[in-house]
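Asker: For what it's worth, full-length UniProt numbering labels the leading residue of the sequence shown as 1, then goes sequentially. Backbone N, C-alpha and C fix where the C-beta goes; we use that ideal spot for every residue, glycine too. Below you'll find the structure I mean.
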Amino acid sequence: MIIYECKNLVSLPQGLKYLTALENLAISDCEKLDLTMEELELERKEDGSLRKLCIEGVPKLESLPQWILLGSTKTLRHLYIGELENVSMLPTWFQHLTSLRSLKIDDCPKLSFLPEEMQHLTSLQSLEIDDCPELSFLPEGMQHLTALKRLKIEGCPKLSKRCIKETGEDWPMIAHARKIIVKR
Numbered sequence: 001m002i003i004y005e006c007k008n009l010v011s012l013p014q015g016l017k018y019l020t021a022l023e024n025l026a027i028s029d030c031e032k033l034d035l036t037m038e039e040l041e042l043e044r045k046e047d048g049s050l051r052k053l054c055i056e057g058v059p060k061l062e063s064l065p066q067w068i069l070l071g072s073t074k075t076l077r078h079l080y081i082g083e084l085e086n087v088s089m090l091p092t093w094f095q096h097l098t099s100l101r102s103l104k105i106d107d108c109p110k111l112s113f114l115p116e117e118m119q120h121l122t123s124l125q126s127l128e129i130d131d132c133p134e135l136s137f138l139p140e141g142m143q144h145l146t147a148l149k150r151l152k153i154e155g156c157p158k159l160s161k162r163c164i165k166e167t168g169e170d171w172p173m174i175a176h177a178r179k180i181i182v183k184r
């Protein structure tokens, strides 16, 4: 399901909670949508079905809402968050997304740190962080992400400096990844 360019949408439709077999959800370019205030209690079985979630261009969003987590902790495989100009940190409940394989964070200019709980994302294979200029370090425990095959950091000058091969302060935590791309 794609919810795209709904300029006057202020909340998600309540009927969305009945889509128990929903596997993909993309919410993009919805200027007035306030997901923070959503009380969307998804009627999902514990084994849920949401596999891919994309949230981008939702300027009112300051933090990712916890309803994303409901029923999807074991099924969510891909998460993309982008163009979220007011998000300054990711929630600690990220640790429960144990089946997450790819995480892309793009164009979040106020994002200043990632939660320590990211070390519990043991299925994470790909992590991309683009255009987050305030992000200055990786969380402790990144070395525990042993499934991590690809790490890309671009447009994050403070973080890029710490991830320089062999000399960066954060390099020992990420050196185990097969492919590491760091661009300023």
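Measuring alpha carbon to alpha carbon, tell me which residue in L33, K17 and I180 is nearest K149.
Answerer: In the sequence shown, residue 149 corresponds to position 149, counting from 1. That would be I180, whose Cα lies nearest to the Cα of K149.
Asker: From the DSSP output, in three-state form, read off R162 for me.
Answerer: Taking the first residue of the sequence shown as 1, we reach residue 162 at position 162. R162 falls in the helix class under three-state DSSP.
Asker: Excluding five sequence neighbours on each side, which residues of the same chain lie with their C-beta closer than 8 Å to the C-beta of T122?
Answerer: As a first step, residue 122 is located in the sequence shown; it is residue number 122 there, counting from the start. Same-chain partners within the cutoff: T98, H144, L145, T146 and A147.
Asker: What's the gap between the Cα of L114 and the Cα of A175?
Answerer: Here the question's residue 114 lines up with position 114 in the sequence shown. Here the question's residue 175 lines up with position 175 in the sequence shown. Approximately 18 Å, taken between the alpha carbons.
Asker: Just how far apart, CA to CA, sit C132 and D106?
Answerer: Within the sequence shown, the letter at position 132 stands for residue 132. Within the sequence shown, the letter at position 106 stands for residue 106. Approximately 7 Å between the Cα atoms of the pair.
Asker: Among the candidates C6, L16, K17 and R51, whose CA atom is the shortest distance from the CA of K32?
Answerer: Here residue 32 refers to the residue found at position 32 of the sequence shown. Selected option, being the one with the closest Cα: C6.
Asker: Of all the options P157, N86, K152 and P13, which has the alpha carbon lying nearest to the alpha carbon of S126?
Answerer: Locating residue 126 in the sequence shown gives position 126, where the first residue counts as 1. Selected option, being the one with the closest Cα: K152.
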